[in-house]
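For the sequence shown, counting from 1, position 199 maps to 199 in my numbering; every step adds exactly one. First comes the structure, then the notes that go with it.
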Amino acid sequence: MMYFRYLLIAVLTYSIIGCNSGNNGGDGGTNPESNTSVGNTGSGTTDSQGTEGSSDGADTGGDSTGTDGDSSDAGGDTTDTGSDGSDTGGTTTDGGGTDSDGSTDAGEEECSVADLNQWVDDAMRDYYLYYNLVPQVDLAAYESPEQLITDLRVSPDRFSNVTDSAQQEQLFEEGITFGFGFRLVRDSLGAVRTAAVYKESPAELAGLQRGDVVMAVNGTPIEEMTNQLWSEYLGTGTDIVSPTFTVNKATGETQDISVTSGEYRLYTVQSANVATLNETQQRVGYINFLSYLGTAQSELNNVMAWLRDNEADELILDLRFNGGGFTSIARQLGSQVAGEVVFDEISERLSFNDRYAEFNYTRSFEPNDITLDLNRLYVITSGRTASSSELTINALRPYIDVYTIGGLTVGKPFVSRGRDRCGKRMHAMELISTNADGASVINGIAPDCEVFDTYQGDQGSLDDNMYSAALNYLYSGNCAAQPAAAQARSRPVFETSDELGFGSIDDR
């Protein structure tokens with residue numbers, strides 16, 4: 001690993017121009033700082049973040065009760081919150097409530113558990129993709145619609161879910177979430193590490209950094225931690241708790257760091273930089289992109305303008321922790337990467353079940369004034385890369401070369417629309433997406449260069465083995481051998497139902 005890092009330093013100029021994206025809070029604006037390395041996932045830095053995997057592999061980042069789930073995640077995978085003028089038929093069959101695109105269904109809301117369970121069951125037997133395979137169950141046996149929809153799902157769907165509508169609205173439209181703002185994984189050697197620490201989150205402000213090894217929580221050695229203790233110490237939902245983590249730093253120092261959970265803004269662009277290759281003088285841009293929330297529209301505009309102004313002629317897009325979000329943001333990102341070559345071209349084809357096939361439709365890339373006009377793109381992926389992240393890759397491939405470095409992605413071609421009732425939002429997968437050539441991501445996107453994250457070094461730095469591998473692949477076309485420590489996959493610290501998913505939301 002060290003040899004590979006030094007090899008890259010010989011290729012790169014020593015000054016890396018950093019873009020501190022979104023540091024002013026409200027508008028996600030960029031504040032370029034010339035000749036400074038970009039902060040990524042560390043204490044005091046302003047950049048890393050990620051969405052790591054709920055049980056379905058598509059979630060938003062994490063904290064509160066375990067490996068990565070933030071209590072504001074939408075659980076499982078969300079959907080398309082809006083409808084195209086051509087895709088309304090037959091899909092709003094709720095007995096009462098409001099679709100998340102703002103339309104209101106006929107009928108009064110009935111909010112008992114029995115009513116909500118019937119609402120879910122009706123949807124799953126009507127516009128759900130696999131409606132004809134949904135099992136018969138005793139609705140009265142289920143204490144909540146959240147439990148029910150899990151048992152009604154039909155493989156390969158593991159994403160349909162019911163979640164809290166107010167929390168999801170706050171996250172997707174305002175970018176506000178609740179938790180600690182970190183992600184824990186157990187690496188191949190059994191150590192519990194912080195895989196990501198989110199920009200300006202409680203965890204970052206307290207001093208946690210990507211790569212910290214957690215030795216104990218509230219004095220309990222990590223090897224004695226059970227699922228029950230993780231839930232007790234880290235809380236569930238919006239519990240405000242202040243656990244103390246005993247961590248080993250990369251410097252070898254041991255620290256006790258207390259973190260109090262709370263609300264924070266989830267920045268979609270965690271960091272960005274531009275590096276120059278000595279031999280070729282290529283200027284390689286990098287974006288650590290966390291999620292396709294509505295707030296990403298302005299954040300992407302700002303970071304793309306900054307990359308353009310700094311003459312980036314290559315791009316490494318880091319989607320390793322990105323579980324998805326609005327498909328309109330995926331189209332915006334595709335247009336800004338490729339430019340005119342994709343304007344008004346088909347980005348995806350969307351199909352309903354056979355009951356509503358007449359309403360199948362397509363989406364296209366919209367023209368955009370802020371573009372890099374690249375003919376190729378390098379994307380860092382993992383088993384947490386899902387949905388709109390996969391759409392970005394798949395939608396661009398008919399038009400430009402897209403290379404993936406990292407791991408096999410989740411494989412979520414499904415899209416749904418959030419329907420609201422009694423404070424609940426249901427996401428029944430009702431559409432399946434392919435690209436202009438008819439290619440699907442249902443089996444995941446296999447990497448062109450397989451690399452496993454060692455969770456060391458800020459994302460987008462030369463100490464980050466996935467970024468280094470992407471740079472090497474861009475420069476040489478070769479997939480470098482990995483250090484032994486990165487050969488095995490990591491796994492969650494413990495399983496939790498409190499991890500949230502973004503999914504694909506066809507909002508515009």
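For every residue, glycine included, the Cβ atom is placed at its ideal position computed from N, Cα and C.
- Item | When D256, I240, Y142 and L266 are compared against V197, the one with the closest alpha-carbon | Nearest to V197 by C-alpha distance, out of D256, I240, Y142 and L266, is L266.
- Message: Which runs of the alpha helix (DSSP H) at least 4 residues long sit entirely within the segment 247-333? Give them in chain order.
- Response: Runs found: 296-309.
- Message: Tell me the DSSP secondary structure of R417 in three-state form.
- Response: Taken through DSSP and simplified to helix, strand or coil, R417 comes out as coil.
- Query: Between F178 and T251, is the Cβ-Cβ spacing less than 7 angstroms?
  - Reply: Remark: C-beta atoms of F178 and T251 do not approach each other more closely than 7 angstroms.
- Task: Can you grab the Cα-Cα spacing for the pair Y403 / L471, in whole Å?
- Result: Approximately 12 angstroms, taken between the alpha carbons.
- Opening and closing residue of the beta strand (DSSP E) in which E361 lies: Contrary to the premise, residue 361 reads as Tyr rather than Glu in this sequence. Y361 -> beta strand (DSSP E) spans Y361 to S364.
- Evaluate contact between the segment 317-334 and the segment 289-309, counting only Cβ atoms and requiring at least three cross-stretch pairs below 8 angstroms. Flag = yes, the segment 317-334 and the segment 289-309 touch.
- Item | Assigned exposure category for D514 - 16 Cβ within 10 Å defines buried | The requested residue 514 is not part of the displayed model; the chain covers only 1 to 508.
- Item | Contact belief for L474 with I287 at Cβ below 8 angstroms, rounded distance in angstroms | That belief does not hold up - the Cβ atoms of L474 and I287 are roughly 14 angstroms apart, past 8 angstroms.
- Could you check the C-alpha separation between L139 and D121 for me, to the nearest Å? Distance between the alpha carbons of L139 and D121: 8 angstroms.
- Message: Between the alpha carbons of F414 and W230, how many angstroms are there, rounded?
- Response: Across the structure, F414 and W230 are spaced so that their CA atoms are roughly 32 angstroms apart.
- Message: Rounded to the nearest angstrom, what separates L377 and R363 at their Cα positions?
- Response: Each residue's Cα considered, the two are about 21 angstroms apart.
- Determine the closest residue to N375 out of A338, P367 and S347, with distance taken between C-alpha atoms. Closest by C-alpha distance to N375, out of A338, P367 and S347, is A338.
- Task: Output the distance between the C-alpha atoms of N161 and S416, rounded to the nearest integer angstrom.
- Result: Going from the Cα of N161 to the Cα of S416 covers about 10 angstroms.
- Message: Taking its Cβ as the centre, do 16 or more other Cβ atoms sit within 10 Å of P221, making it buried, or is it exposed?
- Response: Exposed: under 16 other Cβ atoms inside 10 Å.
- Message: For a test of the three-state rule: what should DSSP assign to N208, helix, strand or coil?
- Response: Sequence check: residue 208 is Leu here, not Asn. If DSSP states are grouped into helix, strand and coil, L208 belongs with coil.
- Item | Three-state secondary structure (DSSP) of V441 | Residue state, collapsed to three classes: coil.
- Task: Scan the segment 133-198 and note each continuous alpha helix (DSSP H) run of 4 residues or more that stays entirely inside, going in chain order.
- Result: If we require 4 residues or more, the alpha helix (DSSP H) runs fully inside the segment 133-198 come out as 145-152 and 165-169.
- Task: Over the uninterrupted beta strand (DSSP E) stretch that includes M426, give me the two end residues.
- Result: M426 -> beta strand (DSSP E) spans K424 to H427.
- May I ask whether a heavy atom of the ligand FMN can be found less than 6 angstroms away from the beta carbon of I149? In terms of ligand content, the structure shown is empty, and the ligand FMN therefore cannot be addressed.
- Query: Within this structure, are the beta carbons of Y292 and G324 separated by less than 7 angstroms?
  - Reply: In this structure, G324 lies closer than 7 angstroms to Y292 by Cβ.
- Query: Which of the three DSSP states, helix, strand or coil, is assigned to I393?
  - Reply: DSSP places I393 in the helix class (H, G or I) of the three-state scheme.
- Going by the CB atoms, is the gap between G207 and Y264 shorter than 7 angstroms? No.
- Query: Secondary structure at A480, three-state DSSP: helix, strand or coil?
  - Reply: DSSP places A480 in coil when its eight states are reduced to three.
- Item | Helix, strand or coil at A216 [DSSP, three-state] | Of the three classes helix, strand and coil, the one that applies to A216 here is strand, per DSSP.
- Neighbour-count burial assignment, V137, 16 or more Cβ in a 10 Å radius: When all chains shown are included, V137 counts as exposed.
- Query: Buried or exposed: which applies to G97, given that a residue is buried once 16 or more other Cβ atoms fall within 10 Å of its Cβ?
  - Reply: Caution applies to G97, whose pLDDT of 34 falls short of 50 and renders its modelled position unreliable; the value that the coordinates give is listed next. Under the 10 Å beta carbon count, G97 is surrounded by 16 or more other beta carbons and is classified as buried.
- Kindly identify the DSSP beta-bridge partner or partners of F245. Among the bridge pairs identified by DSSP, F245 is matched with V217 and I257.
- Item | Pick from A275, R283, L205 and S144 that is closest to G460, judged by C-alpha positions | Ranking A275, R283, L205 and S144 by Cα distance to G460 puts A275 first.
- Message: Using a Cβ distance threshold of 8 angstroms, determine whether the segment 343-356 contacts the segment 423-441, with at least three qualifying pairs required.
- Response: Contact between the segment 343-356 and the segment 423-441 is present, with at least three C-beta pairs closer than 8 angstroms.
- Item | Cβ distance (whole Å) where P447 is taken to contact T381 below 8 angstroms | Contact holds; Cβ gap of about 6 angstroms.
- For P156, which option in G190, V441 and Q270 has the closest C-alpha, if you only look at C-alpha atoms? The residue with the shortest Cα to Cα distance from P156 is V441.
- Query: Can you tell me whether DSSP reads I240 as helix, strand or coil?
  - Reply: Here I240 sits in coil by DSSP.
- Item | Straight-line Cα distance separating V241 from T65 | Note that T65 scores a pLDDT of 33, beneath 50, so its modelled location is shaky; the value from the coordinates is reported in the next line. Straight-line Cα distance between these residues: approximately 11 angstroms.
- Message: What would DSSP say about L372, mapped onto helix, strand or coil?
- Response: Residue state, collapsed to three classes: coil.
- Query: Nearest to T295 by alpha carbon, out of D458, Q270, E366 and F452?
  - Reply: Of the listed residues, the one whose Cα sits closest to T295 is Q270.
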